[in-house]
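Notes follow once the structure below has been shown.
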Amino acid sequence: MRRIIQTLAILGCAAVAASGAPGMDTAKAMDGKALFEEKCAGCHVTKIPQNTATLVAPPAVGITMHVKMAHPKKEDFTAFVVDYVQAPSAEKALCEKETVKRFGIMPSQKGNVTPAQLRAIADYLYATFAKGGHLKMMHEQMKRRFESDQAKYPENEGISEKK
Ligand code: HEC
Numbered sequence: 110m111r112r113i114i115q116t117l118a119i120l121g122c123a124a125v126a127a128s129g130a131p132g133m134d135t136a137k138a139m140d141g142k143a144l145f146e147e148k149c150a151g152c153h154v155t156k157i158p159q160n161t162a163t164l165v166a167p168p169a170v171g172i173t174m175h176v177k178m179a180h181p182k183k184e185d186f187t188a189f190v191v192d193y194v195q196a197p198s199a200e201k202a203l204c205e206k207e208t209v210k211r212f213g214i215m216p217s218q219k220g221n222v223t224p225a226q227l228r229a230i231a232d233y234l235y236a237t238f239a240k241g242g243h244l245k246m247m248h249e250q251m252k253r254r255f256e257s258d259q260a261k262y263p264e265n266e267g268i269s270e271k272k
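The sequence shown begins at 110 in this note's numbering and counts up by one.
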């Protein structure tokens, strides 16, 4: 069981970082893209580096995926981003505890970015990362890793049927 929990933990934002390239459909929402690059990408990289040990925060694809999984509807997604970036906290954080432990809670960006700018940024994130096939691929990867772990620890058999 501990092993399973560890596996789930490393599937957090940091692990997502290692697992895939971000979506590339950035034709729309130029404004949000420029704002994100200016204000957020210094910490949340949009391209996953070879060496993920250099990351100072989960990459853009990781944070987008976590927020999307909790808030799939665009308006809820946007509301979360607008709120969290101005007032982050451990209680609100959607990333796994290990992620928060590794990187610490995000410093509030209040004063550095306006709510209107955050809405544009949220549009950009929502439209660009962790979508469609990419999201599905990550789910598949998580499932495969989970199942192979389960095969090694048969005492946990059946656990993955609980979705
Ligand atoms: C100084 C580095 C830094 C900057 C700048 C920064 N972030 Fe973060 N952010 C973090 C860290 C570290 C985390 C992971 C811990 C957490 O969830 O608080 C995080 C987490 C997040 C999350 C996920 C929250 C969750 O619950 O999982 C979102 C969404 C986010 N950031 C959006 C933004 C946006 C949008 C900007 C630009 C306006 C931004 N961040 C700028 C460091 C940063």
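Quick reminder that beta carbons are idealized off the backbone N, C-alpha and C, glycines included. Computed from a predicted structure; not experimentally measured.
Collapsing the DSSP output to three states places lysine 210 in a helix.
Judged by the Cβ position, glutamine 159 fails to qualify as a neighbour of the ligand HEC at the 8 Å threshold, every heavy atom of the ligand being at least this far.
In the DSSP annotation of this structure, the continuous segment of the alpha helix (DSSP H) that includes valine 190 starts and ends at 183-195. Short of 7 Å from the beta carbon of leucine 227, and not among the five residues preceding or following it, lie these beta carbons of its own chain, in chain order: Val190, Val191 and Val194. In this structure, DSSP gives valine 222 an extended state, which the three-state scheme calls strand. Within the model, the alpha-carbon separation for lysine 142 versus alanine 260 is close to 42 Å.
Here the distance from the Cβ of valine 176 to the nearest heavy atom of the ligand HEC is below 8 Å.
With the rule of 3 Cβ pairs closer than 8 Å, the segment 197-208 does not count as touching the segment 152-159. Inclusion of alanine 236 and threonine 187 in the CB contact set at 9 Å is not warranted, their separation being larger than that value. A check of alpha carbon separations from proline 181 across Arg253, Pro167, Ser257 and Leu234 identifies Leu234 as the nearest. Here proline 167 is not near phenylalanine 238, since their CB atoms are 9 Å or more apart.
Distance from the CA atom of alanine 225 to the CA atom of proline 197, rounded to whole angstroms, is 18 Å. Cβ atoms of cysteine 204 and histidine 175 come within 8 Å of each other, at about 6 Å.
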